[in-house]
């Protein structure tokens, strides 16, 4: 079946550092890809999405590009802030089925 | 924020007892989902609904049943709770289940269930 693999955390960065969280997927057909963010004690919120190959999703300084040739959807941000501390989930949606990665906890220190 | 509420928000119960979790939405979205979140596993789909009285199994459906008698409510039942069902349960909704721009899911605040 479809699956998502993302880099294990936790990831700890200093403020203004560059962030990359790797995500790769296995799926049949043409899934849509997502990054969700979860702040402590809350549900998941959509951060960005891409629905076809070569699409770039972006939001709040975060970006990810749908790479079909490498089956990847890596999350990047040029300069992280303390407020970006959260758990990040990569996910794919394909034929009414949603699959999530295990999540990567990011902590940004001042 | 999408209008999704879950009740109860926290519950402690004993092995073998029945438990029902409720998800209520005010967005009139067609699709509703139940997930469980466990460390190291991310979120895993338990069941989903694509309309009133229309439901289907997800990745980890064993030990769970669901019902949807109204558009706005989606119930998750553990007929006989076990300690392995201790988890955080999230409800989600979406307008569309098919690929495309409308399949974004909106999540509720979660229910923390502990089975002793």
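Residue numbers (our numbering), protein chains in the order written: chain A, 180 to 289; chain B, 484 to 599.
Built from N, CA and C at the ideal position, the CB exists for glycine as well.
{"Check": "Inspect the CB distances between the segment 258–270 of chain A and the segment 197–205 of chain A and report whether three or more fall short of 8 Å.", "Outcome": "yes"}
{"Check": "Can you check DSSP and say which residues form a bridge with residue 537/B?", "Outcome": "534/B"}
{"Check": "Report yes or no: do three or more beta-carbon pairs, one from the segment 490–510 of chain B and one from the segment 546–561 of chain B, lie closer than 8 Å?", "Outcome": "yes"}
{"Check": "Check whether the segment 571–578 of chain B and the segment 509–524 of chain B are in contact - that is, three or more C-beta pairs closer than 8 Å.", "Outcome": "yes"}
{"Check": "State yes or no: is the beta carbon of residue 533/B nearer than 9 Å to at least one beta carbon in chain A?", "Outcome": "yes"}
{"Check": "Compare the Cα-Cα distances from residue 564/B to each of 495/B, 575/B and 488/B and report the closest residue.", "Outcome": "495/B"}
{"Check": "Straight-line CA distance for residue 241/A to residue 206/A?", "Outcome": "24 Å"}
{"Check": "Taking Cβ-Cβ distances shorter than 8 Å, what residues in chain B pair up with residue 268/A?", "Outcome": "525 and 526"}
{"Check": "Does the beta carbon of residue 518/B sit closer than 9 Å to a beta carbon anywhere in chain A?", "Outcome": "yes"}
{"Check": "Taking Cβ positions, are residue 287/A and residue 226/A nearer each other than 9 Å?", "Outcome": "no"}
{"Check": "Determine, for residue 241/A, whether the minimum Cβ-Cβ distance to residues of chain B falls below 9 Å.", "Outcome": "no"}
{"Check": "Which runs of the beta strand (DSSP E), 3 residues or longer, sit entirely within the segment 488–555 of chain B?", "Outcome": "493–496, 502–508, 514–521, 525–534, 537–540 and 548–553"}
{"Check": "In terms of residue numbering, what span does the beta strand (DSSP E) encompassing residue 243/A cover?", "Outcome": "241–244"}
{"Check": "So, are the CB atoms of residue 577/B and residue 512/B less than 9 Å apart?", "Outcome": "yes"}
{"Check": "What does a CB cutoff of less than 6 Å around residue 532/B pick up in its chain, not counting 5 residues either side in sequence?", "Outcome": "515, 538, 551 and 557"}
{"Check": "Identify the continuous beta strand (DSSP E) that holds residue 277/A and give its terminal residues.", "Outcome": "276–279"}
{"Check": "Answer yes or no: does any C-beta atom of chain A fall closer than 9 Å to that of residue 546/B?", "Outcome": "no"}
{"Check": "Who are the neighbours of residue 587/B on chain A, taking C-beta pairs under 7 Å?", "Outcome": "225 and 228"}
{"Check": "With residue 243/A and residue 252/A assumed to form a contact (beta carbons below 8 Å), what rounded beta-carbon distance in angstroms separates them?", "Outcome": "5 Å"}
{"Check": "How would you list, in chain order, the residues of chain A whose beta-carbon sits under 7 Å from the beta-carbon of residue 592/B?", "Outcome": "221 and 222"}
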